[in-house]
Each structure stands twice: as C-alpha cells, then as structure tokens.
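Using the working numbering, the first residue of the sequence shown is number 614, and each one after it goes up by one.
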Amino acid sequence: MTAKSLKVPCSNAPRHNNLHHFSVRCGSVTNVRGFTVFRDASRPERKDGYNHTKILALNRMNSAHNSPVTTVKRTVILVANSKGGCGKTTIATNLVSYYEALGRPVTLLDLDPQQSATQWLKLRKSAHIHGLSWPVSEPLSLGRLQQKLDQAGELVVIDSPAGLDPHELDHLLRLSQIVLVPVLPSPIDIRATTRFLQTVMLTPTYRRRPRRLAVVANRARTRTKMYAALRQFLTSLKIPYLVTLRDTQLYVQAMSHGEGVMDAAVSRNLDDRQHWRLIGEWLEVQRHLIQAMPGFR
Ligand SMILES: Nc1ncnc2c1ncn2[C@@H]1O[C@H](COP(=O)(O)OP(=O)(O)OP(=O)(O)O)[C@@H](O)[C@H]1O
Ligand SMILES: [Mg+2]
C-alpha cells in the first residue's frame, strides 16, 4: 500500500451525489499499487481489507473519465447562481481571503462584467491572491476560458456573473470540479435557485460526470418564516447544504474595504469565521477525494 491515503470522517463523508455509484457513509480513500480504492468503514472487511466490487468499479471509472481538459492537477471552485445579488462575489472574495489567511496561493478569476471581485482585489493589494479578469465584451468560450485557466495556479476560485446561459454554464462546469451555489431566503431566490440547479444537472458535462455541488444559504435571519422555508427547501435537496451565512454589515464593509471575514480587521464575530472554516474543510475533503480518485473529476 503506497502513496495517497485519505480518511473520510463520518460527518464529512461524501453523499450519494459525490460518490454517485456507492452509498458510502464513511471510510478511507487509498492508492493501492496505482489503483484508487475506497474502503467503506461501514461494511464488513474482506480478508485483504477491501471491497472487491468497489475496487473494480473505481478502476473502471478512473480509466473511463480521463479527458484532456480534466487531467491538470488544478482545483477549480466555481461560485455560481443565475440569480443576481445572491452573494456570489461575497462568497468568492471571502473564500480567497480564507485561503490567503491559511497562506495558500489562490487565483481569483472574475468573469463578471461588473468586475466587483477585481475591484475588491485592487483594494486588497494581496501578495497571495492572483487576480484574473475577463474582457467585458467577450463571450465565455471554452477555448478562451481554458487559456485563462492556464495562467492560474493550482487553486482557483471563479466568481461568475448572473444570468449565465446553459452553454456558458456547461463550459464553466467542464473546467470546474466543485460548485458552490449561494441562495437567499426569499421565494424568488428559492425558485430561481431550483431552476438553476436543474439547469446545472441537465448540462451535458454534469450528466456525463456530476460535479461536487453544495449550497450555501446567505443573508439569513434565522428567526424568520422565510428562513424556515429556505431550510425546508435546502434539506429537501439531495445536495450538501454547508452553512448559513448571517445577514450582517460585516460582509458589506469587508467587500468595500478589500477585506474578508477571516481578516483580523473585521474578525469581530467568531461564528462568522467558523462558517468559513466549515466551508474550507468541506472543500478540502472534496479536493483530496478528487486528487485521490481522478476518475471522479
Ligand atoms: N451575508 C451578507 N450579509 C449582508 N450583506 C450581504 C451578505 N452577502 C452579500 N451581501 C451584500 O449583498 C449585495 C450582493 O452581494 P454580491 O455582490 O456578493 O452578490 P452577487 O451574487 O455577486 O451579485 P451579482 O449577481 O450582481 O454579481 C452586496 O451589496 C453584498 O455586500
Ligand atoms: Mg457578483
């Protein structure tokens, strides 16, 4: 037994949409003689400790899904929702500042013609965050997006514009491994997000190979009826629902000063910082799974 080994704790274990062929609760991912193996801790072991069916299935998937676009060892996290104003830029900028706080080099690709993330980065003057923006009038083509990503580092966060059409979305999904979808507690936002998630799942890229998809509730006032409705909607989805970000001026101020909630200057609230740790931990588990099991990229 050599190389990579990743333990997946029960609380962070992949749901069915992540390891879509298996109903796995917890276990470990291991590289055995060049083969990626998921060992399901919830099932009895064979003598050699591995479930043979899973070994065969994973190896089949590893070889079936290797395409030129996905062989690069780069993790691309797409923040997207076709609904405007739900918090895409807020989540993208806070995520890169979370990585910067960890000392991790990260690229922020701003695809929004409004260039809010680019403005935020100018204010920040960061050494660890590499900013890339998209020419305002240029359509999102797969080839040009790929060229842009060639200039990026190993960890990329994409801030996408509202109103992506299904073709643009398909291109972006093709180049991303993880998708974070912010949603606000309002009937209009819940309906728009339902449509957006359906559109994601119907794209040719997602149908070929589901991406790791998670929802983040944003601007929530947890004592309201609307928040209860949002919770009901989120728990009805077969998609991980990571955290609920508070509705607070902390985010508005951070955005206007080129800061993130993890930065010392705006770190008044420990709960808000904890939300970003939870998001970061979930993303890290996904990243390790993707690297340990290239067939799932
Ligand atoms: N948790 C929050 N609490 C308070 N204000 C927030 C929060 N999240 C976002 N906002 C504010 O809501 C507004 C919209 O957020 P943001 O720009 O991140 O949305 P967006 O999805 O990127 O919008 P667009 O679709 O126009 O690009 C901004 O003014 C932002 O500061
Ligand atoms: Mg935006």
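No residue lacks a Cβ here, since even glycine has one placed at the ideal position from N, Cα and C.
| query | result |
| --- | --- |
| Go through its chain and collect everything with a Cβ distance to Asp885's Cβ below 8 Å, but skip five positions before and after it. | Leu858, Arg859, Thr861, Leu863, Val874 |
| Just to check my reading of the structure: Leu753 and Glu781 have Cβ atoms closer than 8 Å, yes? What is that Cβ distance to the nearest angstrom? | 4 Å |
| Put Ala677 into one of helix, strand or coil per three-state DSSP. | Residue placement at Ala677 cannot be trusted, given a pLDDT of 39 that sits under 50; what the coordinates show is reported in the next sentence. Three-state DSSP puts Ala677 in a helix. |
| Within 10 angstroms of its Cβ, does Ile892 collect 16 or more other Cβ (buried), or is it exposed? | buried |
| Under the criterion of a Cβ to heavy atom distance below 7 Å, does Ser729 qualify as lining ligand 2? | yes |
| Is Leu847 closer than 8 Å to Tyr840 when the C-beta atoms are compared? | no |
| Pick helix, strand or coil for Pro795, following the three-state DSSP scheme. | strand |
| At the level of alpha carbons, what is the spacing between Ile903 and Ser799? | 33 Å |
| Under DSSP, the beta strand (DSSP E) around Gln861 begins and ends at which residues? | Checking the sequence shown, residue 861 turns out to be Thr, not Gln. Element bounds for Thr861: n/a, residue is neither H nor E. |
| Exposed or buried, Glu713, counting other C-beta atoms within 10 Å across all chains shown (16 or more means buried)? | buried |
| Rounded to a whole number of angstroms, what is the C-alpha to C-alpha distance between Thr702 and Ser729? | 7 Å |
| Distance check for Trp889 and Pro774, CA to CA, integer angstroms please. | 22 Å |
| Let me make sure I understand the geometry here. Which of Asp783, Thr806, Arg804, Asp802 has the alpha-carbon closest to that of Arg821? | Asp783 |
| Using a Cβ-Cβ cutoff of less than 7 Å, which residues in the same chain neighbour Arg824 once the five nearest sequence positions on both sides are dropped? | Leu786, Ser789, Gln790, Ile791, Val792 |
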